[in-house]
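**Q** With our numbering applied, the sequence shown closes on residue 619, and no number is skipped along the way. The structure under discussion is supplied below as structure tokens; questions concerning it will follow.
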Amino acid sequence: MILNSKIPEGPLEKKWDNYKKKARLVNPANRKKLDVIVVGTGLAGSSVAASLGEMGYNVKSFCFQDSPRRAHSVAAQGGVNAAKNYKNDGDSVYRMFADTLKGGDFRAREANVYRMAECSLNLIDQAVAQGVPFGREYGGYLNNRSFGGVQVSRTFYARGQTGQQLLLGAYQALMRQVGKGTVQLYSRHEMLDLVMIDGKARGIIVRNLDTGEIERHAAHAVVLATGGYGKIYYLSTLAMGCNGSAIWRAHKKGALMASPSWIQVHPTSLPQSGDYQSKLTLMSESLRNDGRIWVPSKADETRPPNEIPEDERDYYLERRYPAFGNLAPRDISSRAAKERIDAGYGIGPLKNAVYLDFSKAIREQGKEKIQEKYGNLFDMYLKITGYNAYNEPMMISPSAHFSMGGLWVDYELMTTIPGLFALGEANFADHGANRLGANSLLQASVDGYFIAPYTIANYLAEEIHTGKISPESQEFEAAENNVKQQIQGLINIKGTKTVDYFHKTLGKLLYDYCGLARNEEGLKYAIGEIRKLKQEFYREVRVSGQVDQMNSELEKAGRVADYFEIGELMCYDALTRNESCGAHFREEFQTPDGEALRNDTEYQFISAWAWTGENREPELIKEPLVFEEMQPTVRSYK
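Next up, the structure:
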């Protein structure tokens, strides 16, 4: 297979305009004849469903939560990037493009990255019009702060709840279309399979999570906006329900998975406090604007942080990366924290954390100013830990977070299956091997509001003569029967071990061997152990309850079954890339001072993987990366 990324002709800054000029359109009368399914109601899903509904298409919107407002976009707290240059500090679309491309370690397409930066200009105006209460300066102008990997202030924020506020704006737009009748909303429904007819995506099989009923839904195009799969590690910053099943089921129908091993470990999470935990809490990266990260300069330190004098503190990010300091990119900051912790300088009861200290900022700016910026985050920290971060440093630790990998998509955000689109974190585009902070809300929003409405229309222009897609076809029947066999099979195992046991075991295995650091021996070992664990799962898992009723254990079992296969592919992907880049840190490939050692000669490509069947090695298909505007350089933040 040869991958066609469909990048438009012309100079970088004209490519998106050139695409829109030539994109095919569907007239308003014909839009009423066309059906689109959107799976997921986060920022990407809600925005594209609302946009297509407003245009006049018939849209079905699905989410497994009880309300679209419960989508995980709410967890992105710190802000959303836009190259507005309100601070007059040298920002521009090009600088944002360059920061993002460099931040991703030159493992993303130039055209996609530039388009995201270009579309960022419109997003803020759109969000303000929706009523998003961005932070403002005294004179009323929108305020900005800085995030990791950049030297300008381009991050717009609503205190520490930006994702929630943006999602409320998208949710209101979605519900307006529900009220108008252009969008049908199906909450508490989970996609279990993709249906293809004559090689095209034509619908989905879903399970009603309240009744257990299996349903068929047909359409002319399907959009997956189902987020990332970082919950595969079990302990992560993601909500318990987050999973990779929707994109994985599509992958097994022919959609390629790209760069699955590129999963970001966030440096600013609350540390694990015991084996009882099911998730970790994300503390916004925005805290690193004013907080200073340090560890004691003496190993196995037992004194409270306020009793450790300044000359016995190691501000290791400021020491190692003086140009960016505490705002070094996430992959670099997380690895630096792990190195200090592994070397014996960790703090806290389990010695698995580092300090994030606001004492200097409070002295210089006053407690009221810090409270104004981060008050709700400090309140959350106090509620969870019992410690007051105004009086002593926070304790933070790296934690699994964001998936840079996902379904392979072209410039139109369409997968290798015609009619199947993937938006936001469900696709691999824009971020390369490492995502810069505050770019996730941006990508999800611009994919849904400004990009997909053009590209999906371009595809649907060919479908106006197709007629209604019937869910009674043999393809739908076969897909439904396959789903029923799978879920009944899980119920029938009647083993002795819980789903959570297998998820925790898999998560620890992946974190140890395909987490912040990887090596050839460990990855090969992990592949073997994952296969053994998968076999044990199908012998020993116990799923209580019945198929035809509400059954959360059955939901979890299906998702963990997919995680075994996703985890194995992650290890294959990491094993075949003999370089270090971004979140992918192969211990065999590092500089003498412990930094990532990229190999552009042999690995300047996107790894796209094809499903070849159960217990068979996946097929690697390469998309070469061509850099015309900005040549790859050594990624340095020193």
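Using N, Cα and C, we set each Cβ at its ideal position, and we do this for glycine too. The structure displayed is predicted, hence computed values, not measured ones.
Determine the DSSP secondary structure at I570, reduced to helix, strand or coil.
**A** One-based indexing of the sequence shown puts residue 570 at position 589. The sequence shown places Phe at residue 570, rather than the Ile named in the question. In the structure shown, F570 sits in coil (DSSP, three-state: anything other than H, G, I, E or B).
**Q** Counting C-beta neighbours from all protein chains within 10 Å, is the total for L363 16 or more, i.e. buried, or is it exposed?
**A** The sequence position of residue 363 within the sequence shown is 382, counting from 1. Per the 10 Å Cβ criterion, exposed.
**Q** Where M156 and N69 are concerned, what is the direct C-alpha to C-alpha distance, given to the nearest angstrom?
**A** Position 175 of the sequence shown, counted from the start, is the residue given in the question as residue 156. Position 88 of the sequence shown, counted from the start, is the residue given in the question as residue 69. Those two C-alpha atoms are separated by around 37 Å.
**Q** On the criterion of 16 or more Cβ atoms from any shown chain inside 10 Å, does L148 qualify as buried, or is it exposed?
**A** For the purposes of this step, residue 148 is taken as residue 167 along the sequence shown, with counting starting at 1. Label assigned to L148: buried.
**Q** Taking the DSSP output, what are the residues bridged to C552?
**A** Within the sequence shown, residue 552 is the residue found at index 571, counting from 1. DSSP lists no bridge partner for C552.
**Q** When the Cβ atoms of the stretch 510 to 528 are set against those of the stretch 466 to 474, are three or more pairs found closer than 8 Å?
**A** yes
**Q** Got a sec, what are the start and stop residues for the beta strand (DSSP E) Q245 sits in?
**A** Here residue 245 refers to the residue found at position 264 of the sequence shown. Note, Q245: beta strand (DSSP E), I244 to S250.
**Q** Start and end of the alpha helix (DSSP H) containing H484?
**A** Position 503 of the sequence shown holds residue 484. It spans V480 to Y494 - the alpha helix (DSSP H) in which H484 sits, taken as one unbroken run.
**Q** Since Y297 is in the alpha helix (DSSP H), which residue starts that stretch and which ends it?
**A** Along the sequence shown, read from residue 1 onward, the residue named residue 297 stands at position 316. Going by DSSP, Y297 is part of the alpha helix (DSSP H) stretching over Y297 to R301.
**Q** Do you know how far the Cα of K513 is from the Cα of Y519?
**A** To locate residue 519, count along the sequence shown from 1; it is residue 538. To locate residue 513, count along the sequence shown from 1; it is residue 532. Distance between the alpha carbons of Y519 and K513 is about 10 Å.
**Q** What residue range is occupied by the uninterrupted alpha helix (DSSP H) comprising Q346?
**A** The count along the sequence shown starts at 1 and reaches residue 346 at position 365. Taken as a continuous stretch (DSSP letters only), the alpha helix (DSSP H) holding Q346 covers S340 to Q346.
**Q** In the DSSP assignment, find the unbroken alpha helix (DSSP H) run with E171 in it and report its ends.
**A** The residue given as residue 171 occupies position 190 in the sequence shown. Segment H170 to I178 is the beta strand (DSSP E) holding E171; no alpha helix (DSSP H) there.
**Q** Leaving out five residues before and five after A98 in sequence, what residues of the same chain have Cβ atoms less than 6 Å from its Cβ?
**A** Position 117 of the sequence shown, counted from the first residue, corresponds to residue 98. If we look at A98 and ignore the five residues flanking it on each side, its Cβ neighbours are A64, V74, M77 and F78.
**Q** For the pair the stretch 265 to 284 and the stretch 126 to 136, tell me if three or more CB-CB distances fall below 8 Å.
**A** The stretch 265 to 284 is in contact with the stretch 126 to 136.
**Q** Answer yes or no: does any C-beta atom of chain D fall closer than 9 Å to that of G448?
**A** The question asks about chain D, but that chain is absent: this structure has only one protein chain.
**Q** What residue does the beta strand (DSSP E) around F43 start on, and which one ends it?
**A** By 1-based counting over the sequence shown, the position of residue 43 is 62. Looking at the DSSP string, the run of the beta strand (DSSP E) that includes F43 is N39 to F43.
**Q** Taking I(-12) as part of the alpha helix (DSSP H), name the residues at either end of that continuous run.
**A** One-based indexing of the sequence shown puts residue -12 at position 7. Run containing I(-12): none; DSSP gives neither H nor E here.
**Q** Nearest CA to the CA of Y67: which residue from R51, P49, V133 and G23?
**A** On the sequence shown, position 86 is the one that residue 67 refers to. The shortest Cα separation from Y67 among R51, P49, V133 and G23 belongs to V133.
**Q** Is P330 helix, strand or coil when you go by DSSP?
**A** Within the sequence shown, numbered from 1, the residue matching residue 330 stands at position 349. Residue state, collapsed to three classes: coil.
**Q** Quick one: what's got a C-beta closer than 6 Å to D312's C-beta in the same chain, skipping five residues either side?
**A** Numbered from its first residue, the sequence shown carries residue 312 at position 331. Excluding positions up to five away in sequence, the list reads N415, G563 and A564.
**Q** Give me, in chain order, the residues of the same chain whose beta-carbon lies closer than 6 Å to that of A425; leave out the 5 immediate sequence neighbours on both sides.
**A** In the sequence shown, residue 425 corresponds to position 444, counting from 1. Cβ within range, chain order: L24, A25 and G405.
**Q** Of the residues D47, G347, G387 and F115, which one's Cα is nearest the Cα of G629?
**A** There is simply no residue 629 to check, as the chain begins at -18 and stops at 619 in what is shown.
**Q** Quick one: which unbroken beta strand (DSSP E) runs of 3-plus residues sit fully inside the stretch 379 to 421? Chain order, please.
**A** 401 to 403
**Q** Taking only the alpha-carbon atoms, compute the straight-line gap between V55 and V246 and give it to the nearest angstrom.
**A** In the sequence shown, residue 55 corresponds to position 74, counting from 1. In the sequence shown, residue 246 corresponds to position 265, counting from 1. Taking C-alpha positions only, V55 is separated from V246 by approximately 19 Å.
**Q** With a threshold of 8 Å on Cβ separation, who are the neighbours of I450 within its own chain once the five nearest residues in sequence on each side are excluded?
**A** Along the sequence shown, one-based indexing puts residue 450 at 469. So the qualifying residues of the chain are D16, I178, R183, G184, A199, A200 and H201.
**Q** On the CB-based measure, 16 or more other CB atoms within 10 Å of its CB, does R344 come out buried or exposed?
**A** Mapped onto the sequence shown, residue 344 falls at position 363. Its Cβ having fewer than 16 others within 10 Å, R344 is exposed.
**Q** Are at least three pairs of beta-carbons, each pair with one atom in the stretch 109 to 124 and one in the stretch 137 to 147, less than 8 Å apart?
**A** A contact exists between the stretch 109 to 124 and the stretch 137 to 147.
**Q** Less than 6 Å between C-beta atoms, sequence neighbours within five positions excluded: which residues of the same chain meet that for K603?
**A** Reading the sequence shown from its first residue, position 622 is the one you call residue 603. For K603, where only same-chain residues beyond five positions count, the Cβ hits under 6 Å are F586.
**Q** Quick check on DSSP: helix, strand or coil for Q527?
**A** Along the sequence shown, one-based indexing puts residue 527 at 546. DSSP places Q527 in coil when its eight states are reduced to three.
**Q** Would you tell me roughly how many angstroms separate the C-alpha atoms of Y167 and A591, rounded to the nearest one?
**A** Here residue 167 corresponds to residue number 186 of the sequence shown, with the count starting at 1. Here residue 591 corresponds to residue number 610 of the sequence shown, with the count starting at 1. Approximately 31 Å, taken between the alpha carbons.
**Q** Of the residues Y584, Y95 and A334, which one's Cα is nearest the Cα of L261?
**A** Counting from 1 along the sequence shown, the entry for residue 261 is found at position 280. When each option's Cα is compared against that of L261, the closest is A334.
**Q** Return the bridge partner residues of G184 from the DSSP annotation.
**A** Locating residue 184 in the sequence shown gives position 203, counting from the first residue. G184 is bridged to V176 and A199.
**Q** Check whether the Cβ atoms of I227 and G21 lie closer than 9 Å to each other.
**A** Locating residue 227 in the sequence shown gives position 246, where the first residue counts as 1. Locating residue 21 in the sequence shown gives position 40, where the first residue counts as 1. Position check: residue 227 holds Ala in this sequence, whereas Ile was assumed. For A227 and G21, yes; Cβs fall inside 9 Å.
**Q** Below 6 Å CB to CB, which residues in the same chain sit around G418 once its five sequence neighbours on both sides are set aside?
**A** Position 437 of the sequence shown holds residue 418. Correct list, in chain order: F128, G129 and E266.
**Q** Can you give the Cα-Cα distance for A92 and E610, rounded to whole angstroms?
**A** Along the sequence shown, one-based indexing puts residue 92 at 111. Along the sequence shown, one-based indexing puts residue 610 at 629. Near 10 Å, if we compare the C-alpha coordinates of E610 and A92.
**Q** Starting from the Cα of E171, find the closest Cα among R117, Q142 and C44 and give me that residue.
**A** Here residue 171 is taken as the residue at index 190 of the sequence shown, counted from 1. Of R117, Q142 and C44, the residue nearest in Cα terms is C44.
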